[in-house]
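What follows is a short report on a single structure.
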């Protein structure tokens, strides 16, 4: 858990720079914008500091998303983040954006850009890939990526081809993928192809897991997607291991619960369990331990019962009292009779 200390004053409202809205907000992920705005609110309202757990809870994000957001805005020169210590605590300063040049779609002269052969050829190729003419807004967006994202025309064409191959030609979806590539710092065709392969391999596995759970991929939210990514990429669990955790979840609570499955996999990762064989060994060891415990318990129960029975019989035995002098007289015939 990290703590963020703000250099701030006090205010009852949160001013947001138009430069931020025009230049930085459109290309940033929604989670990053949420973190910036909440942090700005804390800053101008005089809040001394806040930890990542509180921010993630308030925004319904993971703590890693909060830290990634601050690092992103630091790279964009929107804030200045400085480590305070080695415990994950930082000082955050919101920079003045007034002196930065404002770049938006109005700064792009579309007619002038269309006179450039490279730009014109790129837009024509995009139209062929999408199978429809581009609007002036779309043209401006793609041209803007050349400057704002530092994409080459080849990268943009590969991005459009990738989206079209998935049957996604909506402008908003394409822009979302472009932002993801920008966040991944894709600078070349090789970077883009490696990103596509990694992303597709991950989603093939995700779809198989969701299908195993009886869930459609369109129904999952980002926190669930983050958990799936952790199981596959961070923990490097095979599908068989994840399936086994799903089976255990079904057996115990009779439903698919991502948090419950995550708890099982967290425990296995902590114990160094990496394969289905490791899971089987752990289950066998657990069964043997349970069997040994039951046998010892039964043996102890029998011994206790035996001891109780023995003690009970001995203690309940009623001893007889004899008059030995009387018995002697009778034996020798000295009794009165």
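Numbering (UniProt numbering), first residue to last: 1 to 337. Using N, Cα and C, we set each Cβ at its ideal position, and we do this for glycine too.
Leaving out five residues before and five after residue 101 in sequence, what residues of the same chain have Cβ atoms less than 7 Å from its Cβ? As a first step, residue 101 must be located in the chain shown, where it is residue number 101. Low confidence applies to residue 101: its pLDDT is 43, below 50, so where it sits in the model is not reliable, and the reading given next is rough at best. Around residue 101: no qualifying Cβ.
Go ahead and pull the three-state DSSP assignment for residue 80. For the purposes of this step, residue 80 is taken as the residue at position 80 of the chain shown. DSSP places residue 80 in strand when its eight states are reduced to three.
Determine the contact status of residue 184 and residue 195, defining contact as a CB-CB distance below 7 Å. One-based indexing of the chain shown puts residue 184 at position 184. One-based indexing of the chain shown puts residue 195 at position 195. It is a contact, given that the beta carbons lie within the stated cut-off.
Which class does residue 49 belong to by DSSP, given the choice of helix, strand or coil? Taking the chain shown and counting its residues from 1, one reaches residue 49 at position 49. DSSP places residue 49 in strand when its eight states are reduced to three.
Counting only runs of 3+ residues fully inside the UniProt domain "DnaB/C C-terminal" (123-195), write out the beta strand (DSSP E) ranges in chain order. none
Residue 122 classed as buried or exposed, judged by whether at least 16 other C-beta atoms fall within 10 angstroms: Counting from 1 along the chain shown, the entry for residue 122 is found at position 122. Its Cβ being crowded by 16 or more others within 10 Å, residue 122 is buried.
By Cβ distance below 7 Å, which residues in the same chain neighbour residue 344 in space, the five residues on each side in sequence not counted? Nothing about residue 344 can be reported from this structure: the residues present for the chain run from 1 to 337 only.
Cβ contact check for the segment 32-52 and the segment 61-79: 3 or more pairs under 8 Å: Yes, they touch.
Range of the contiguous alpha helix (DSSP H) that encloses residue 258: Translated into positions along the chain shown, residue 258 becomes position 258. 258-270 is the span of the alpha helix (DSSP H), which, as asked, contains residue 258.
Looking at the unbroken alpha helix (DSSP H) that takes in residue 250, where does it start and where does it end? Translated into the one-based positions of the chain shown, residue 250 becomes position 250. From DSSP, the alpha helix (DSSP H) with residue 250 extends over 239-253.
Hey, is residue 139 close to the ligand FMN, as in C-beta under 6 Å from one of its heavy atoms? By its list of ligands, the structure shown contains no ligand whatsoever, and the ligand FMN lies outside what it can speak to.
Less than 7 Å between CB atoms is the rule here; does residue 257 satisfy it with respect to chain D? Any reference to chain D falls outside this structure, which holds one protein chain only.
Near residue 104, which residues of its chain fall below 7 Å by C-beta distance, leaving aside the five closest residues on each side in sequence? In the chain shown, the residue the question calls residue 104 occupies position 104. Low local confidence applies: a pLDDT of 46 at residue 104 is under 50, so the model's placement there is unreliable, with the coordinate-based value given in what follows. Correct list, in chain order: 22 and 23.
Classify residue 106: buried if its beta carbon has 16 or more other beta carbons within 10 angstroms, exposed otherwise. Counted from its first residue, the chain shown places residue 106 at position 106. Unreliable positioning characterises residue 106 in this predicted model, as indicated by a pLDDT of 49, which lies under 50. A coordinate reading is not provided.
State yes or no: is the C-beta of residue 261 within less than 7 Å of the C-beta of residue 245? Position 261 of the chain shown, counted from the start, is the residue given in the question as residue 261. Position 245 of the chain shown, counted from the start, is the residue given in the question as residue 245. In contact: residue 261 and residue 245 (Cβ atoms closer than 7 Å).
Supposed close pair residue 215, residue 256 - CB separation, criterion 8 Å: Working through the chain shown from its first residue, we reach residue 215 at position 215. Working through the chain shown from its first residue, we reach residue 256 at position 256. Correct: roughly 7 Å between the Cβ atoms.
So does the segment 134-153 actually touch the segment 87-98, counting three or more Cβ pairs closer than 8 Å? no
Can you tell me whether residue 42 is helix, strand or coil according to DSSP? Stepping through the chain shown from its first residue, residue 42 is reached at position 42. Of the three classes helix, strand and coil, the one that applies to residue 42 here is helix, per DSSP.
Output the boundary residues of the beta strand (DSSP E) element that contains residue 90. Along the chain shown, read from residue 1 onward, the residue named residue 90 stands at position 90. Counting along the chain, the beta strand (DSSP E) containing residue 90 begins and ends at 90-94.
Would residue 180 and residue 129 be called neighbours here (beta carbons separated by less than 7 Å)? Locating residue 180 in the chain shown gives position 180, counting from the first residue. Locating residue 129 in the chain shown gives position 129, counting from the first residue. Contact flag unset, no.
Between the beta-carbon of residue 232 and the beta-carbon of residue 202, is there less than 7 Å? The count along the chain shown starts at 1 and reaches residue 232 at position 232. The count along the chain shown starts at 1 and reaches residue 202 at position 202. Yes, the pair counts as a contact, with Cβ atoms nearer than the cut-off.
So, using beta-carbon positions, are residue 63 and residue 57 closer together than 7 Å? Taking the chain shown and counting its residues from 1, one reaches residue 63 at position 63. Taking the chain shown and counting its residues from 1, one reaches residue 57 at position 57. No, the pair does not count as a contact, with Cβ atoms beyond the cut-off.
Taking all protein chains shown into account, do 16 or more other C-beta atoms lie within 10 angstroms of the C-beta of residue 253, making it buried, or fewer, making it exposed? Within the chain shown, numbered from 1, the residue matching residue 253 stands at position 253. Exposed, by the Cβ-count rule.
State the Cα-Cα distance for the pair residue 156 and residue 279, rounded to the nearest angstrom. Taking the chain shown and counting its residues from 1, one reaches residue 156 at position 156. Taking the chain shown and counting its residues from 1, one reaches residue 279 at position 279. C-alpha separation (whole angstroms): 45 Å.
When you compare each of 225, 162 and 226 to residue 193 by their alpha carbons, which one comes out closest? Numbered from its first residue, the chain shown carries residue 193 at position 193. Nearest C-alpha to residue 193: 162.
Can you grab the Cα-Cα spacing for the pair residue 270 / residue 38, in whole Å? By one-based count along the chain shown, residue 270 stands at place 270. By one-based count along the chain shown, residue 38 stands at place 38. Going by the C-alpha atoms only, they are around 34 Å apart.
If residue 265 sits next to residue 237, beta carbons under 8 Å apart, how far is it from one beta carbon to the other, in whole angstroms? Indexing the chain shown from 1 puts residue 265 at position 265. Indexing the chain shown from 1 puts residue 237 at position 237. That pair is a contact at about 6 Å.
Using the three-state DSSP reduction, which class does residue 16 fall into: helix, strand or coil? Your numbering for residue 16 matches position 16 in the chain shown. Residue state, collapsed to three classes: coil.
Same chain only: Cβ atoms within 6 Å of residue 250, ignoring 5 sequence neighbours per side: Locating residue 250 in the chain shown gives position 250, where the first residue counts as 1. Closer than 6 Å at the Cβ level, and outside the excluded window around residue 250, lies no residue.
Would you say residue 153 and residue 118 are within 7 Å of each other, going by their C-beta atoms? The residue you call residue 153 lines up with position 153 of the chain shown. The residue you call residue 118 lines up with position 118 of the chain shown. In this structure, residue 118 lies closer than 7 Å to residue 153 by Cβ.
Enumerate in chain order the residues of its own chain whose CB-to-CB distance from residue 228 is below 7 Å, with the five nearest sequence positions on each side excluded. Position 228 of the chain shown, counting from 1, holds the residue named residue 228. 206 and 209, listed in sequence order.
Let's test the definition: count the other Cβ atoms within 10 Å of the Cβ of residue 188 and tell me whether it reaches 16, buried, or not, exposed. In the chain shown, residue 188 corresponds to position 188, counting from 1. Residue 188 should be labelled exposed.
Do residue 114 and residue 120 have their beta-carbon atoms positioned less than 7 Å apart in this structure? Looking up residue 120 in the chain shown gives position 120. Looking up residue 114 in the chain shown gives position 114. Yes, they are a contact pair.
Please say whether residue 59 and residue 34 have beta carbons closer to each other than 7 Å? Taking the first residue of the chain shown as position 1, residue 34 is located at position 34. Taking the first residue of the chain shown as position 1, residue 59 is located at position 59. Against a cut-off of 7 Å, the Cβ pair of residue 59 and residue 34 comes out as a contact.
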